[in-house]
Every structure is written in C-alpha cells, then in structure tokens.
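> For the sequence shown, my numbering assigns the number 2 to the initial residue and increments by one for each residue that follows. For glycine and all other residues, C-beta sits at the position ideal for the given N, C-alpha and C. Take a look at this one; I'll ask things after.
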Amino acid sequence: MTILNNAFIMQEITQAKIAHVRWVKRAEHLIAKLPVDKEFIPLEATSCGFGKWLYSSGTELRHMDDYAPIMEKIESLHDQLHAYYAEIYKLYFIIPENRSILHKVFTFNSKKVSKHEEELAKEIFEKLQVVSIELLEALNDLKIEIKRYK
C-alpha cells in the first residue's frame, strides 16, 4: 500500500465512521420522538453510508490477509447494529408489505407506539449503542494496523 493510498484509505475510514455516528444519532432521535425521516436510517446493512463504504472500498481491505480478521469483525458488528435497528424499526413502523394503499398514503409507514414498545425500543437501542462503541473501537484498531503496515 503506498502512502497516498494509505492516506486515502484513512480518509475513507474516517468518513465511514462519521456516517455511522450520524446513523446512530438518527436512530436515537427516532426513539426520543424527534422528527426523523426514516429514509435516513436505512434498514439494509448495504444501504447506510457505512455499509456503502464497507461493501465497496472496504472490500479491498477484507481481501488483504493483514486486515481480513478485523474487517470480518467490523462486518459482524455492523450486521448486529442493523439487526438491532430492525427490531426498533418494527416497533415504530409497519413493515411495507403489511400496509394497505390507504395506510401508505396517510401514515407514511408509522404506527402508534405503546409505552411498553417505547421502553423496549430504548432497551434495544442501549444494546445498539454498545455494539456501536465496539465498531468504532474496531475501526480505530484497523487504522492502527494500516499505519503499522505502511
């Protein structure tokens, strides 16, 4: 890896981290009942800003022996985050295939959330936050490894 490539990769990782932190913050806003466009909190692991990096530029790192183990860990943590978010999503939104045409027009996919569901969402979000911290730590470890092998 050249120094130029190294700097570019480090910049991409930093941008991916920023995208991840924003994604988590939007999920937190949802739970806090702050206005949030659900389109900005993608369900699919490949659709969020971090996932776009992970499954495009990050793919190159996954195929390099020096980085493969940490990239596997990062991917696993990222999948866990989206699994937790999917649980939260199901509490706040009706899954698209279960909506009627009338419901699609008038509710924008949201549903009334009970106090119990709100509490459950908060519990799930706490788990999501723990995994988020692990992901950020793994990204820092990746940066250290990249600096070490330059």
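Excluding five sequence neighbours on each side, which residues of the same chain lie with their C-beta closer than 7 Å to the C-beta of Ala139?
Along the sequence shown, read from residue 1 onward, the residue named residue 139 stands at position 138. Only Ile71, Lys74, Ile75, Leu78 meet the Cβ criterion.
> Between the Cα of Glu120 and the Cα atoms of Ile32, Phe51, Asp142, which residue gives the shortest distance?
Counted from its first residue, the sequence shown places residue 120 at position 119. Considering only alpha carbons, the answer is Ile32.
> Alpha carbon to alpha carbon, what distance is there between Ser58 and Ala84?
Counting from one through the sequence shown, the residue named residue 84 turns up at place 83. Counting from one through the sequence shown, the residue named residue 58 turns up at place 57. Whole-angstrom Cα-Cα distance: 23 Å.
> Express the C-alpha separation of Asp66 and Arg23 in angstroms, rounding to a whole number.
Translated into positions along the sequence shown, residue 23 becomes position 22. Translated into positions along the sequence shown, residue 66 becomes position 65. Approximately 30 Å, taken between the alpha carbons.
> Measure how close the beta-carbons of Ala20 and Cys49 come, nearest whole angstrom, since I'm counting them as under 8 Å.
For the purposes of this step, residue 20 is taken as residue 19 along the sequence shown, with counting starting at 1. For the purposes of this step, residue 49 is taken as residue 48 along the sequence shown, with counting starting at 1. Sure, about 7 Å apart at Cβ, within 8 Å.
> Mark Ile134 as exposed unless 16 or more other C-beta atoms lie within 10 angstroms of its C-beta, in which case mark it buried.
Against the sequence shown, residue 134 aligns to sequence position 133. So Ile134 ends up on the exposed side.
> Quick one: measure Cβ to Cβ for Leu137 and Tyr68, integer angstroms, because I've assumed they're closer than 8 Å.
Residue numbering aside, residue 137 sits at position 136 when the sequence shown is read from its first letter. Residue numbering aside, residue 68 sits at position 67 when the sequence shown is read from its first letter. The pair is not a contact, with the Cβ atoms about 17 Å apart (cut-off 8 Å).
> Go through the region 41-101 residue by residue and report every complete run of the alpha helix (DSSP H) that reaches 4 residues or more, in order.
Counting whole runs of 4 or more residues, the region 41-101 contains the alpha helix (DSSP H) stretches 50-55, 58-63, 69-93.
> Taking the alpha helix (DSSP H) that Val158 belongs to, which residues open and close that run?
This structure cannot settle anything about residue 158, because the visible part of the chain is limited to 2 through 151.
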